[in-house]
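Worksheet: one structure, shown below.
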Amino acid sequence: MSETDPICPTSARVQEVSRETPDTVTLRLAHTAGEGERLFLPGQFNMLYAFGVGEIPISVSGEPRLAGELAHTVRAVGAVSDALVALKRGASLGLRGPYGTGWPLALCQGQHVLVVGGGLGLAPLRPAVLQLLEEGACRQLSILYGARTPDDLLFRRDLERWAHRCEVRLTVDRAAAGWQGRVGVVPALLPEVEIEPATCIAFVCGPEVMMRFTARELRLRGLSSERIFLSLERNMKCGIGLCGHCQLGPVFVCKDGPVLRLDRVGALLEAREL
1212 MSETDPICPT SARVQEVSRE TPDTVTLRLA HTAGEGERLF LPGQFNMLYA
1262 FGVGEIPISV SGEPRLAGEL AHTVRAVGAV SDALVALKRG ASLGLRGPYG
1312 TGWPLALCQG QHVLVVGGGL GLAPLRPAVL QLLEEGACRQ LSILYGARTP
1362 DDLLFRRDLE RWAHRCEVRL TVDRAAAGWQ GRVGVVPALL PEVEIEPATC
1412 IAFVCGPEVM MRFTARELRL RGLSSERIFL SLERNMKCGI GLCGHCQLGP
1462 VFVCKDGPVL RLDRVGALLE AREL
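All the letters of the sequence shown, read from the start, carry residue numbers 1212 to 1485 under our numbering.
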């Protein structure tokens, strides 16, 4: 992001491409000469520009304190994301950011942190998990994650490592040959986790319908809206709250979010026309 023009991208180069699923890759990027490394908060996003195609917001999925972990996990679902997923090592792209709010990790000291992800929603949650495990500040960490099929589960090696250090529960919508885990939606995992409402904080990211039902279940389990945080996705264009494409009622998701507390956006998510 240019110091003089906040919507002017700078150039970055692809250092490594890691295949996560058949349609999803993680791009590890480096700024080109003259651009220093930028720190980001877990939960923030960058705008990635595929030259000649377009620009989209992608959450940072790497370790926030490692210079070599400017990573973005991208699923091919449209023209721009298709072009980004097709990039090879050494290719160039435009980059600006980081933008938006991050997960409130400062509130996790001594708490039970419940991380709930669905599909690609694990990508913006990954930096928070990495930092929580590194710092050991929370009393307990539980990760609930689901995808459409076993082949769609992201960060398989991470999930295996995390399972040795914290509670990890997985589910898929549709089983496949050899899958011996749970089958069902992500909110159905919540009854399997012991929750003390006064000392639990929930970070939730995934399809909007999954987040609505997860938030409802958490409220039924006694969690206050002030202890539930969601990462929202909207059609972001500028990233700095100017264009209005990402407006959700009075909220500009790119600037006020993407991480927002449930008491601020819960009613807005129930209004389907917004």
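Just so it is clear, CB atoms sit at the ideal spot from N, CA and C, and this is done for glycine as well. All of these numbers come straight from a predicted model, not from anything done at the bench.
So residue i and residue j are in contact, right, with Cβ under 8 Å, and what is the actual spacing, rounded?
{"i": "residue 1285", "j": "residue 1235", "result": "7 Å"}
{"i": "residue 1339", "j": "residue 1314", "result": "4 Å"}
{"i": "residue 1365", "j": "residue 1232", "result": "7 Å"}
{"i": "residue 1266", "j": "residue 1328", "result": "That belief does not hold up - the Cβ atoms of residue 1266 and residue 1328 are roughly 25 Å apart, past 8 Å."}
{"i": "residue 1443", "j": "residue 1459", "result": "7 Å"}
{"i": "residue 1294", "j": "residue 1317", "result": "Not quite, the Cβ-Cβ distance comes to about 37 Å (not below 8 Å), so this is no contact."}
{"i": "residue 1200", "j": "residue 1353", "result": "With the chain running from 1212 to 1485 in the structure shown, residue 1200 is simply not present."}
{"i": "residue 1358", "j": "residue 1330", "result": "5 Å"}
Could you tell me if residue i is buried or exposed, where buried requires 16 or more neighbouring beta carbons within 10 angstroms of its beta carbon?
{"i": "residue 1363", "result": "buried"}
{"i": "residue 1342", "result": "buried"}
{"i": "residue 1473", "result": "buried"}
{"i": "residue 1368", "result": "exposed"}
{"i": "residue 1219", "result": "exposed"}
{"i": "residue 1379", "result": "buried"}
{"i": "residue 1375", "result": "exposed"}
{"i": "residue 1273", "result": "buried"}
{"i": "residue 1382", "result": "buried"}
{"i": "residue 1321", "result": "exposed"}
{"i": "residue 1402", "result": "exposed"}
Just to confirm my understanding: we take residue i, look at its own chain, exclude 5 residues before and 5 after, and list those with CB closer than 7 Å. What are they?
{"i": "residue 1438", "result": "1411, 1412, 1413"}
{"i": "residue 1485", "result": "Summary for residue 1485: the model assigns pLDDT 49, below 50, so the residue's position carries little reliability, and this model does not support an answer."}
{"i": "residue 1301", "result": "1224, 1225"}
List the DSSP bridge partners of residue i.
{"i": "residue 1416", "result": "1328"}
{"i": "residue 1223", "result": "1242, 1304"}
{"i": "residue 1270", "result": "1256"}
{"i": "residue 1315", "result": "Answer by DSSP bridge pairing: none, since residue 1315 is not bridged."}
{"i": "residue 1439", "result": "1413"}
{"i": "residue 1236", "result": "1230, 1285"}
{"i": "residue 1458", "result": "1463"}
{"i": "residue 1393", "result": "1382"}
Starting from residue i and walking both ways along the beta strand (DSSP E), at which residues does that stretch end?
{"i": "residue 1357", "result": "1351–1358"}
{"i": "residue 1403", "result": "First-last for residue 1403: undefined, no H or E at that position."}
{"i": "residue 1380", "result": "1378–1383"}
{"i": "residue 1470", "result": "1470–1472"}
Tell me which same chain residues have a C-beta within less than 8 Å of the C-beta of residue i, skipping the five on either side of it?
{"i": "residue 1463", "result": "1452, 1455, 1457"}
{"i": "residue 1449", "result": "1218, 1456, 1465"}
{"i": "residue 1434", "result": "1406, 1408, 1411, 1413"}
Which residues in the same chain as residue i place their Cβ atom closer than 6 Å to its Cβ, once the five residues preceding and following it in sequence are excluded?
{"i": "residue 1309", "result": "1251, 1255, 1257"}
{"i": "residue 1393", "result": "1382"}
{"i": "residue 1242", "result": "1223"}
{"i": "residue 1481", "result": "none"}
{"i": "residue 1387", "result": "1360, 1361"}
How far does the alpha helix (DSSP H) with residue i in it reach, from first residue to last?
{"i": "residue 1434", "result": "Segment: none, residue 1434 is in no alpha helix (DSSP H) and carries neither H nor E."}
{"i": "residue 1372", "result": "1367–1373"}
{"i": "residue 1293", "result": "1290–1296"}
So, does the CB of residue i fall closer than 7 Å to a CB anywhere in chain C?
{"i": "residue 1441", "result": "Going by chain labels, chain C is absent from the structure shown, which holds only one protein chain."}
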